[in-house]
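One structure is given here, and the rest of the page talks about it.
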Amino acid sequence: MYSKYISIVFVLIIMGISNYIAKSQSNINIKLTTLSYQFSDNNIELVNRKIGESGKLAFEPGLIFAYESFATPATSIKVAMSLYYDKASKLAGFPQVMVRFRIFNAYKHSMSMGIGPALYFRQSWSTIEGYEDDGVYTDTGDWQYKMAWLSGELEYNYYLSKNSNLSVSLNLINPESLGLAIGYKYWISKKPKRKRGCISCPNFH
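Numbering follows the working numbering, with no gaps: position 118 of the sequence shown is 168.
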């Protein structure tokens, strides 16, 4: 029941933002998820994509799709959706809405951070032998989910051309893990909403 209401809230948020972002400077971003690091020891013995003996470092392949729209030269709203195979070879992912702030910009290099809510989900681990419920996720049968009101990312961008960047980020891909993602950012629109200066070139990357 709660998952249904949470999904409705996310849809309303995205619909409410869509009218605004359509008129703003914007870009799309696609990244490949690669390695992740788990902070806790919860069910660490179930990891079958581990790198090293501890199981904390693992390979979790997948994709993150995102749309970003700027309100000012240094602040933006980003909507993201991720799907990947987690460290137990289960399908997992999250929709996410973030407010992002540029914290560094010099020549071809820039860095931003984003914070906002995310709804984490995964195919239930309860079917795996040896799984112990650690209370992090809510189990609905075939799926487990966790609403995180505070999540985020740290992203580095390298200027490739007027319309494109190389993007590398650290993302909270689930409530207990930090993941590394690498990808490409393409600028759809560079036209400011009102009379703001161009924030994508030549000194914004």
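Note that beta-carbon positions come from the ideal geometry of N, C-alpha and C, so glycine has one too.
In this text, all values refer to a predicted model and were calculated from it rather than measured experimentally.
Provide the residue(s) that pair with T125 in DSSP beta bridges, ordered along the chain.
The sequence position of residue 125 within the sequence shown is 75, counting from 1. T125 is bridged to T122 and F151.
Among residues of its own chain, excluding the 5 on either side of A231, which ones have a beta-carbon nearer than 6 angstroms to its beta-carbon?
Here residue 231 refers to the residue found at position 181 of the sequence shown. These residues qualify, in order along the chain: K81, T83, I114, S219 and N221.
Counting Cβ pairs closer than 8 angstroms, one from the region 189-197 and one from the region 150-166, do we hit at least three?
Counting Cβ pairs under 8 angstroms, fewer than three are found: no touch.
Pick helix, strand or coil for I101, following the three-state DSSP scheme.
Walking along the sequence shown from the start, residue 101 turns up at place 51. Here I101 sits in coil by DSSP.
Quick check on the burial criterion: 16 or more other C-beta atoms within 10 angstroms. Buried or exposed for D136?
Within the sequence shown, numbered from 1, the residue matching residue 136 stands at position 86. Looking at its Cβ environment, which holds 16 or more other Cβ atoms inside 10 Å, D136 is buried.
Is it buried or exposed, Y187, if we count other Cβ atoms within 10 angstroms and call 16 or more buried?
To locate residue 187, count along the sequence shown from 1; it is residue 137. By the 10 Å Cβ count, Y187 comes out buried.
For T190, which of helix, strand or coil comes out of DSSP?
The count along the sequence shown starts at 1 and reaches residue 190 at position 140. Here T190 sits in coil by DSSP.
With a CB to CB cut of under 8 angstroms and the five nearest residues on each side skipped, what residues in its chain are close to T125?
Here residue 125 is taken as the residue at index 75 of the sequence shown, counted from 1. Correct list, in chain order: V149, R150, F151 and R152.
Go ahead and pull the three-state DSSP assignment for E95.
By 1-based counting over the sequence shown, the position of residue 95 is 45. Helix.
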